[in-house]
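These protein sequences, in sequence, are chains A and B.
Residue 195 in our numbering sits at position 195 of the first sequence, and the numbers go up by one each step.
If you want our numbering, it's the 1-based position in the second sequence plus 227.
Glycine residues also receive a C-beta, built at the ideal position from the N, C-alpha and C atoms.
Presented below is the structure to which this report refers.
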Amino acid sequence: MADVLEKPKAVAQPKEPLFSKKNRRLISDPFNDNNPITIQVLGICSALAITVKLYPALVMAISVVFVLVAANVIVSLMRNMIPNRIRIIVQLVVVAALVALVDQVLKAFVYDISKELSVFVGLIITNCIIMGRLEAFALGNKPWRAFLDGLGNAIGYGVILIIVAFFRELLGSGTLFGIQVIPDAWYMVNGGFYSNNGFMLLPPMALIVVGIIIWVQRSRNTKLIEE
Amino acid sequence: MKVLHNFLERLKPNFEKGGKLAKYWPVYDGFATFLFVPGHPVHRGGAHIRDGIDLKRTMNTVITALIPALLFGMWNTGYQHYLALGIDATFLEQFIFGAIKVLPLVIVSYAVGLGTEFFFCVIRGHQINEGYLVSGMLIPLIMPVDLPLWMLALSVIFAVVIGKEVFGGTGMNIFNPALLARAFAFFAYPAYMSGDTVWVNVSTSAGQAVVDGFSGATALGTLATTGTTVFSAWDAFVGTIPGSIGETSVIAILLGAGILLFTGIGSWRIMLSALLGGAAMGLIFNAVAPYALSEVQQQFMAVPYWHQLILGGFAFGIVFMATDPVSGSQTDTGKWIYGFLIGFLAIMIRVFNPAYPEGVMLAILFMNTMAPLIDHYVVQANVKRRKNRILSQGSI
Chain A
1 MADVLEKPKA VAQPKEPLFS KKNRRLISDP FNDNNPITIQ VLGICSALAI
51 TVKLYPALVM AISVVFVLVA ANVIVSLMRN MIPNRIRIIV QLVVVAALVA
101 LVDQVLKAFV YDISKELSVF VGLIITNCII MGRLEAFALG NKPWRAFLDG
151 LGNAIGYGVI LIIVAFFREL LGSGTLFGIQ VIPDAWYMVN GGFYSNNGFM
201 LLPPMALIVV GIIIWVQRSR NTKLIEE
Chain B
228 MKVLHNFLER LKPNFEKGGK LAKYWPVYDG FATFLFVPGH PVHRGGAHIR
278 DGIDLKRTMN TVITALIPAL LFGMWNTGYQ HYLALGIDAT FLEQFIFGAI
328 KVLPLVIVSY AVGLGTEFFF CVIRGHQINE GYLVSGMLIP LIMPVDLPLW
378 MLALSVIFAV VIGKEVFGGT GMNIFNPALL ARAFAFFAYP AYMSGDTVWV
428 NVSTSAGQAV VDGFSGATAL GTLATTGTTV FSAWDAFVGT IPGSIGETSV
478 IAILLGAGIL LFTGIGSWRI MLSALLGGAA MGLIFNAVAP YALSEVQQQF
528 MAVPYWHQLI LGGFAFGIVF MATDPVSGSQ TDTGKWIYGF LIGFLAIMIR
578 VFNPAYPEGV MLAILFMNTM APLIDHYVVQ ANVKRRKNRI LSQGSI
């Protein structure tokens with residue numbers, strides 16, 4: 001009898017290595033073909049607002065990496081328990097809890113930066129990249145893959161943030177991470193020939209810098225160009 | 228002329244397909260068609276179109292129209308300089324000093340702008356067109372004379388690349404490139420584009436000094452801060468006041484406007500409606516001046532409406548920038564609305580926000596953005612009107 005009721009044997013699946021080609025693409029795609037900012041055009045508001053200086057941009061990038069990776073993993077772990085009809089609320093609770101955590105840590109350890117980032121830390125909750133990845137990926141994938149996907153997208157976002165902030169701080173303030181890199185003697189007030197570009201400090205220039213990055217990216221990778 | 232033509236013909240094979248320099252065909256083509264009408268021979272007799280106005284002639288006409296403002300700007304630069312130093316100089320001395328100061332700006336503007344344009348044309352294999360010829364003359368005329376040349380060059384590159392090339396080149400731009408160059412310089416280097424010290428060249432050589440009590444402020448600058456100006460309306464009309472190189476003289480600008488209107492290249496609808504818009508806003512300010520919050524603002528608002536129209540870059544802007552056929556409205560009704568709002572907003576920005584005395588620049592750029600929207604509604608209204616006519620006749 002027991003032989004008859006024997007459970008159907010699970011089809012032996014080849015165990016996927018942790019860094020299979022498919023998994024590696026989860027991390028590498030957001031850098032190029034599927035960058036959250038330059039291709040999906042998500043998370044633009046924070047990219048414009050906090051890229052005047054490199055340091056806040058870096059802090060912001062790290063915060064988003066933490067929130068997105070953790071949220072992706074947590075939601076992926078809970079994906080079979082979340083009732084479909086209230087999934088957005090559940091995701092929001094998870095993200096909001098993580099953002100509150102980040103906000104408190106920033107306030108405790110880097111208070112100045114926290115003040116500078118002001119509302120934009122809280123607004124990570126509504127960052128379209130995070131909700132987008134939770135909806136599109138974490139709800140349908142296992143934690144490890146969700147982890148890689150979160151890491152890839154958050155770094156893809158952070159890299160653009162840092163590139164934009166690099167140019168804006170260098171050309172707008174003549175500094176990098178607050179350290180002056182353009183010699184004092186170059187400035188016109190000191191008899192030199194150079195002057196900082198005040199336009200770089202204004203948000204429109206961030207939009208233009210992002211636009212130029214998109215331009216460069218598309219001319220290097222022609223398959224991104226739509227007909 | 229024959230010699231030049233033969234020379235170009237001799238060079239031609241090098242640039243044609245298969246030639247050594249085929250890559251640079253756009254450069255050759257640009258120069259050759261600039262000098263000669265491309266060869267499509269027509270018979271002497273019979274009905275043939277032998278001549279048609281094209282982009283090149285349009286551009287050349289606008290440049291001709293700009294020459295009075297340019298020449299006056301050169302003289303005024305010298306006049307203001309010697310006035311500031313308290314030196315009696317002859318007309319010729321004043322003009323030569325101004326020419327030495329202004330010409331480098333013009334040369335840099337053209338060299339950098341055309342260089343950028345050639346570069347893009349060669350990369351993309353487009354034909355070179357003459358889109359930059361007018362912008363190249365406009366840009367130096369709307370800058371202060373002491374602007375460092377590299378800032379001018381950077382503004383020009385910005386205007387050509389971000390203002391024009393990213394949208395697809397000449398004729399595709401949303402904004403007027405010359406104004407974009409000025410807006411870039413204005414926001415990037417405010418210390419060299421606004422304030423009281425940039426409008427008059429006060430470089431001194433040995434034994435010279437700036438006279439006591441000299442102020443290099445523009446009429447609008449002092450109006451915004453003190454509510455009064457030392458310059459009479461006649462000064463502003465003739466143009467013997469500090470300001471951007473080409474913007475000061477209303478007479479020189481009117482000469483240019485005459486050329487544009489006579490040849491039909493500038494739209495009279497835009498010029499007239501902008502004038503009306505500016506006058507309307509001026510009249511409104513005159514009427515509400517007693518209720519303004521501060522005394523300075525009261526005085527500024529009480530400036531007669533016709534005086535507002537001859538101050539600052541208003542005249543230059545509505546004659547040469549607002550009438551840009553690419554970035555302005557295309558429909559006739561649209562031109563009225565577009566022009567009116569430019570004048571209206573220009574005076575409004577200038578009075579309400581003393582930080583931006585050049586309201587006309589921002590007003591034109593703003594209306595450039597709105598022009599396609601205006602056209603859209605004008606066209607839709609026309610479609611609707613005609614549809615209603617058919618329906619009311621009951622012919623369907």
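Buried or exposed, going by whether 16 or more other CB atoms sit within 10 Å of the CB of residue i?
i, result
"B:T431", "exposed"
"B:I314", "exposed"
"B:D281", "exposed"
"B:M301", "buried"
"A:M1", "Residue confidence is low: A:M1 scores 45 on pLDDT, short of 50, so the model does not pin down where it sits. Its coordinate-derived value is still stated next. It is exposed - the Cβ of A:M1 has fewer than 16 other Cβ atoms within 10 Å."
"A:E226", "exposed"
"B:V515", "exposed"
"B:W252", "buried"
"B:P517", "exposed"
"B:E219", "Chain B is shown from 228 up to 623; residue 219 of chain B falls before or after that span and cannot be answered."
"B:H308", "buried"
"B:K391", "buried"
"A:V4", "Confidence is the limiting factor: at A:V4 the pLDDT is only 49, short of 50, which leaves the residue's position unreliable and the question unanswerable from this model."
"B:L312", "buried"
"B:N441", "Note on identity: in this sequence residue 441 of chain B is Phe, with Asn being the wrong assignment. That one is exposed."
"B:I350", "exposed"
"B:Q620", "exposed"
"A:V52", "buried"
"B:G491", "exposed"
"B:G483", "buried"
"A:V149", "Residue identity differs from the one stated: residue 149 of chain A is Asp in this sequence, not Val. By the neighbour-count rule (16 or more Cβ atoms within 10 Å), A:D149 is buried."
"B:F543", "buried"
"B:R616", "exposed"
"B:Y565", "buried"
"A:G140", "exposed"
"B:Y306", "buried"
"B:K318", "The question names Lys, but residue 318 of chain B is Phe in the sequence shown. Exposed is the call here."
"B:M399", "exposed"
"B:I295", "The question names Ile, yet the displayed sequence has Pro at residue 295 of chain B. Answer is buried; the Cβ neighbour count reaches 16."
Give me the DSSP bridge partner(s) of residue i.
i, result
"B:Q557", "Per DSSP, none; premise fails for B:Q557."
"A:L176", "A:I179"
"A:I194", "The amino acid at residue 194 of chain A is misidentified as Ile; the sequence shows Tyr. A:Y187."
Pick out whichever of the options has its Cα sitting closest to the Cα of residue i.
i, options, result
"A:L202", "B:N428, B:A418, B:S421, B:F414", "B:F414"
"A:L171", "A:G198, A:L48, A:R25", "A:G198"
"A:L58", "A:F193, A:F177, A:D184", "A:F177"
"B:P552", "B:R237, B:P240, B:I564, B:T285", "B:T285"
"A:V69", "A:V102, A:S118, A:A108", "A:V102"
"B:G395", "B:A405, B:C348, B:L447, B:A418", "B:C348"
"B:A634", "B:F385, B:L379, B:D256, B:L365", "This structure does not reach residue 634 of chain B, given that chain B is present from 228 up to 623, and the question cannot be answered."
"B:G493", "B:W533, B:N287, B:E243, B:E474", "B:N287"
"A:S228", "A:P183, A:I208, A:N80, A:V210", "With chain A covering 1 to 227 only, the question about residue 228 of chain A has no answer from this structure."
"B:F567", "B:G340, B:W495, B:Y604", "B:W495"
"A:G158", "A:S20, A:A71, A:I129", "A:I129"
"B:I389", "A:A165, A:V209, A:V110", "A:V209"
"A:K142", "A:N221, A:F31, A:N80, A:I212", "A:N80"
"A:N35", "A:I160, A:S20, A:P56", "A:I160"
Is any beta-carbon of chain B found at less than 7 Å from that of residue i?
i, result
"A:S219", "no"
"A:F199", "yes"
"A:S76", "no"
"A:S20", "no"
"A:S173", "no"
"A:K195", "According to the sequence displayed, residue 195 of chain A carries Ser and not Lys. Closer than 7 Å to some Cβ of chain B, the Cβ of A:S195 qualifies, so yes."
Is there a C-beta anywhere in chain A that falls below 7 Å from the one on residue i?
i, result
"B:F414", "yes"
"B:P417", "yes"
Return no unless some Cβ of chain C is closer than 7 Å to the Cβ of residue i.
i, result
"B:N241", "In the structure shown, chain C cannot be found, because the protein chains are A and B."
Contact between the stretch 516-527 of chain B and the stretch 445-458 of chain B (3+ Cβ pairs under 8 Å): As far as the Cβ criterion goes, the stretch 516-527 of chain B touches the stretch 445-458 of chain B, which means the pair count is three or higher.
Sufficient close CB pairs (3 or more, under 8 Å) joining the stretch 523-536 of chain B to the stretch 551-566 of chain B: Contact between the stretch 523-536 of chain B and the stretch 551-566 of chain B is absent, because fewer than three Cβ pairs lie under 8 Å.
Any 3 or more C-beta pairs closer than 8 Å across the stretch 91-105 of chain A and the stretch 61-68 of chain A: Segment contact: the stretch 91-105 of chain A against the stretch 61-68 of chain A, three or more CB-CB distances shorter than 8 Å; contact assigned.
Segment contact, 8 Å Cβ cut-off, at least three pairs: the stretch 81-98 of chain A with the stretch 25-40 of chain A: These segments do not touch.
The stretch 567-575 of chain B in contact with the stretch 492-509 of chain B per 3-pair CB rule at 8 Å: Taking 8 Å as the limit for Cβ pairs, the verdict is that the stretch 492-509 of chain B does touch the stretch 567-575 of chain B.
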